[in-house]
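If you read the protein sequences in the order shown, they are chains A and B. Letter by letter, the first sequence follows residues 1 to 111 of the working numbering. Letter by letter, the second sequence follows residues 1001 to 1111 of the working numbering.
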Amino acid sequence: DVKVTQSSRYLVKRTGEKVFLECVQDMDHENMFWYRQDPGLGLRLIYFSYDVKMKEKGDIPEGYSVSREKKERFSLILESASTNQTSMYLCASSGGATGFDFGSGTQLSVL
Amino acid sequence: RKEVEQDPGPFNVPEGATVAFNCTYSNSASQSFFWYRQDCRKEPKLLMSVYSSGNEDGRFTAQLNRASQYISLLIRDSKLSDSATYLCVVNRQGSNYQLIWGAGTKLIIKP
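Have a look at this one:
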């Protein structure tokens, strides 16, 4: 089974803080994704990566950046956290077009 | 119009009943279709892919209607453990990796 691990299950930060969300997958997948999920909305793609050091903007990249220095690790960075970034953040990994495997999510609260 | 639309529910269904729900999508060029299941406060997990000819996996049947641009999920002999939110997922035109997620249909199975 693919294992996708997110570093924190719950996180509380203050407005203006820099926040790092880490995601590691152990199946040598090339494709990794960061989503956020809010009540009543579908998952929305923030950024994705097809390869090491490669990144592409998703639908809602504003206020976020990413880093993929190693194939197994994909980090999401909130440069200056704001209250509207309070959300569930989900990392996913995919080796092909047949579906994604997700980490257990990070519930981020920005106060 | 949303790219992927689902009835949010909840659908309250007695145990043992059959339940079906649909999902409509706007992009006629979409080629990949999936149903994911998400339990409360958990990550989405792939339930099944949806193939053009329809497909079945145990008590679950998925169908695709390209002419009317919807996919459906039918659950027979529903179990208490089927209670979850079911997410409809469609690929974005021209990409196998960029997926568009519905907001989900909540299903509650009652004893």
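In this text, a Cβ means the ideal position worked out from N, Cα and C, and glycines have one as well. Being a predicted model, the structure only gives us computed values, none of them experimental.
According to DSSP, residue i sits in a beta bridge with which residue or residues?
i         : result
B:Gln1006 : B:Cys1023
B:Arg1059 : Paired residues: none, contrary to the question.
B:Ile1075 : B:Val1019, B:Phe1060
A:Met88   : A:Gln37, A:Gln107
A:Cys23   : A:Gln6
A:Ser75   : A:Ser67
A:Ser49   : A:Met32
B:Cys1040 : Answer is none; B:Cys1040 lacks a bridge partner.
B:Ala1084 : B:Leu1107
Look at residue i and residue j and say whether their C-beta atoms are less than 8 Å apart.
i         : j         : result
A:Cys91   : A:Met54   : no
A:Leu108  : A:Thr86   : yes
B:Ser1083 : B:Leu1107 : yes
A:Gln6    : A:Thr106  : yes
A:Ser93   : A:Gln25   : yes
B:Thr1085 : B:Asp1007 : no
A:Ser75   : A:Arg9    : no
B:Val1004 : B:Val1090 : yes
Check the C-beta distance from residue i over to residue j and give it rounded, since I have them as a contact under 8 Å.
i         : j         : result
B:Leu1087 : B:Pro1044 : 6 Å
A:Leu43   : A:Tyr89   : 10 Å between Cβ atoms; not a contact.
B:Ala1062 : B:Trp1035 : 6 Å
Does the beta carbon of residue i fall short of 7 Å from some heavy atom of the ligand ADP?
i       : result
A:Gly99 : For the ligand ADP, the structure offers nothing, since it holds no ligand at all.
Task: Contacting positions in the stretch 52-77 of chain A - beta carbon closer than 8 Å to chain B - done: Within the stretch 52-77 of chain A, the qualifying residues are Gly58.
- [ ] Evaluate the contact criterion for the stretch 63-75 of chain A versus the stretch 1014-1034 of chain B: three or more CB pairs, one atom per stretch, below 8 Å.
- [x] Output reads no: the stretch 1014-1034 of chain B does not touch the stretch 63-75 of chain A.
Task: Residues of the stretch 83-96 of chain A whose Cβ lies closer than 7 Å to any Cβ of chain B, in chain order - done: Per Cβ criterion, the list reads Leu90, Ser94.
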